[in-house]
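Position 308, counted from 1, in the sequence shown is what our numbering calls 298; the numbers after and before it change by one each time, with no gaps.
Where is the CB? At the ideal position from N, CA and C, for every residue including glycine.
Worksheet for the structure shown next.
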Amino acid sequence: MTRVTLDELADLYRSGTPRGITSVCSAHPMVLAAALRHGRKTGATVLIEATCNQVNHQGGYTGMQPQDFADLVTLIAMRERCPRDQILLGGDHLGPNPWRDRPAEEAMTEAENMVAAYVRAGFSKIHLDASMGCAGEPAALDDETTAHRAARLARVAETTAKEAGLAPPRYIIGTEVPPPGGADHLLDTVTPTDPKAALETVRVHRMVFEAAGLGAALERVIGLVVQPGVEFGNANVIPYDPPAAQGLIATLTELPGLVFEAHSTDYQGAAPLSALVQDGFAILKVGPELTFVLREALYALDAVATDLLPDYGERPLKAEMEALMRAAPENWVRHYSGSEEAQRVLRHYSLSDRIRYYWAQPRAEAVVARLFEALEGKRVPQTLFWQHMPMAARFADRPLDPNDLLLWRVERSLRAYHAACNL
-9 MTRVTLDELA
1 DLYRSGTPRG
11 ITSVCSAHPM
21 VLAAALRHGR
31 KTGATVLIEA
41 TCNQVNHQGG
51 YTGMQPQDFA
61 DLVTLIAMRE
71 RCPRDQILLG
81 GDHLGPNPWR
91 DRPAEEAMTE
101 AENMVAAYVR
111 AGFSKIHLDA
121 SMGCAGEPAA
131 LDDETTAHRA
141 ARLARVAETT
151 AKEAGLAPPR
161 YIIGTEVPPP
171 GGADHLLDTV
181 TPTDPKAALE
191 TVRVHRMVFE
201 AAGLGAALER
211 VIGLVVQPGV
221 EFGNANVIPY
231 DPPAAQGLIA
241 TLTELPGLVF
251 EAHSTDYQGA
261 APLSALVQDG
271 FAILKVGPEL
281 TFVLREALYA
291 LDAVATDLLP
301 DYGERPLKAE
311 MEALMRAAPE
321 NWVRHYSGSE
331 EAQRVLRHYS
341 LSDRIRYYWA
351 QPRAEAVVAR
361 LFEALEGKRV
371 PQTLFWQHMP
381 MAARFADRPL
391 DPNDLLLWRV
401 ERSLRAYHAA
411 CNL
C-alpha cells in the first residue's frame, strides 16, 4: 500500500477512496519509539506533533524547544531504523495560548517567536490557533480577530521557511476542538461543529489571508479542525456518531482542497475510527490513549514483578507514582474532583491520563529503570500474564524484554489507527 501525504488527503476523499494519517501527539520517548517502529514496519507516514504548551521556544512543560524535540525524534528514528522521509513533524495549537494571561501584543510576539522556532526546526505541518483571548479579552475571539492573528503567524512561518531554505509548511486552521487532554466530567453527548460555523471560519480566513498577500500560504491550508462529536472524559468515551455529523460532513463539498482534522480521537476503537476517515476526518489525533496503555503495561509488569520476585517489593512503581503526584498536584488537582478515594483512582486510571506529566521526572525514571532491571531476561509464567495482562501472554515462558513488551502494547493501539487510515 502506497504511503499517503498530507497533500493527497483531500483528493483521495473526493475520489471516493478516502485515506487518513494518524497524528501521534506525545513527547514520551517510548510512545515515539513505538510510533516510529510501527512506521518502519508498515511504511506509513509517521506524523508526530508537539503542542504549544508542551514544546516552545522557552522550553514548555517538557523543557524542550522545537529543535530539541526534532532532535529527539531523529535519534529515536535512527534507533528504530525508521527512514527519515517517512517522518513528518507538526506543531499543534501554535498561537498565544501559553501566554494568554499577558496583553495580546506581548502574547502574539511570543507566539511569533515560537512559530519561527518550530519552522526552523523542520516542523512542516503547522496548526495556526490564535482563537483564545489574552489579558482583558473574551475567552474566545471572533473569527475575524482569530484569522488576522493566524495570518500574522503564517507570515512568520513563510518568512522563516524561506530564510532557512526549507519547503514552506502545510497549514491547519480552525479551533473548535475538545478540551486538551479530554474533559474533566462525565459526558453524555458532544455536539458536532455547526456546519455554518465551519464554512464561516474558512471564509473569513480566506478573506483575511488574501488581503494580507498570503495567497500562497492559503493554497497550503490542507485541513480544518472541527468537532466531529467525539470526546473522552475521565471515565467515559463518546463514540463517533456518523448520522449526527452528516450536516458537517456535507460542508466538505464546499471546501475544495480541505479535509477535517479530528482531535481527541483517543479510545474510539477501530470501527469509529474507520467511520471518521470514511467521512472525511482524514487526520486522526491521538495522545493520552498511547500513554494510558503504556502506563497500563508498566503497572502490569510492576504487579508481575511483585508476584515473581521476592525482593522486588509491593508494587513500588505504582507507589512511587502516587507519591510524585501527591507531592506535585498542579498537573491533576484542577481536573480530578470527588472524594479522596475517587481522586486516588483518577490519578492512576483516568482516561485523561494526567500521570503522563510525571514520567520524565528523575524519580519516575529511576523506578521504571529498576522494574526493567528486575524483569530483564526473566521467564514469566503464562499464568502471571493471564492474571495481570492477558493480552501479553505471548511474552510468557521466554526471556523477557520489558522494553519490547511496552512498545508492543503501544503499537497495538496504533494498529487500529493504521487500519482505519488505510481503508
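- For residue 149, no beta strand (DSSP E) run applies; the uninterrupted alpha helix (DSSP H) run containing it begins and ends at 133 to 154, by DSSP.
- Annotated three-state conformation of residue 84 is strand, per DSSP.
- Under DSSP, residue 41 takes part in a beta bridge, and its partners are 82.
- Assignment of residue 214 by DSSP, reduced to helix, strand and coil, places it in the strand class.
- Relative to residue 359, the option among 306, 59, 164 and 123 whose CA is nearest is 306.
- For the set 368, 335, 288 and 412, the Cα lying nearest the Cα of residue 354 is the one of 288.
- Collapsing the DSSP output to three states places residue 9 in coil.
- In summary, residue 73 is exposed, with fewer than 16 beta-carbon neighbours lying within 10 Å of its beta-carbon over all protein chains present.
- According to the DSSP assignment, residue 194 belongs to the alpha helix (DSSP H) that extends over 185 to 201.
- With contacts defined as CB atoms closer than 9 Å, residue 413 and residue 7 qualify as a contacting pair.
- In terms of Cβ geometry, residue 195 and residue 137 form a close pair [threshold 9 Å].
- Judged by their CB atoms, residue 263 and residue 406 are nearer to each other than the 9 Å cut-off.
- Around residue 378, the same chain offers 290, 293 and 294 as residues with beta carbons nearer than 6 Å, after the five sequence neighbours per side are excluded.
- Around the beta carbon of residue 217, 16 or more other beta carbons sit within 10 angstroms, so the residue counts as buried.
- Less than 9 Å separates the beta-carbon of residue 369 from that of residue 386.
- Taken atom to atom, the span from the alpha-carbon of residue 118 to that of residue 225 is near 30 Å.
- Taking all protein chains shown into account, residue 25 has 16 or more neighbouring C-beta atoms within 10 Å of its C-beta and is therefore buried.
- By the C-beta criterion, the segment 26 to 33 is judged not to be in contact with the segment 42 to 61, since fewer than 3 inter-stretch pairs fall below 8 Å.
- For residue 250, there is no enclosing alpha helix (DSSP H); the enclosing beta strand (DSSP E) covers residues 249 to 252.
- Just so you know, the alpha carbons of residue 98 and residue 107 end up roughly 14 Å apart.
- The beta-carbon separation of residue 253 and residue 215, rounded to 7 Å, stays under the 8 Å limit for a contact.
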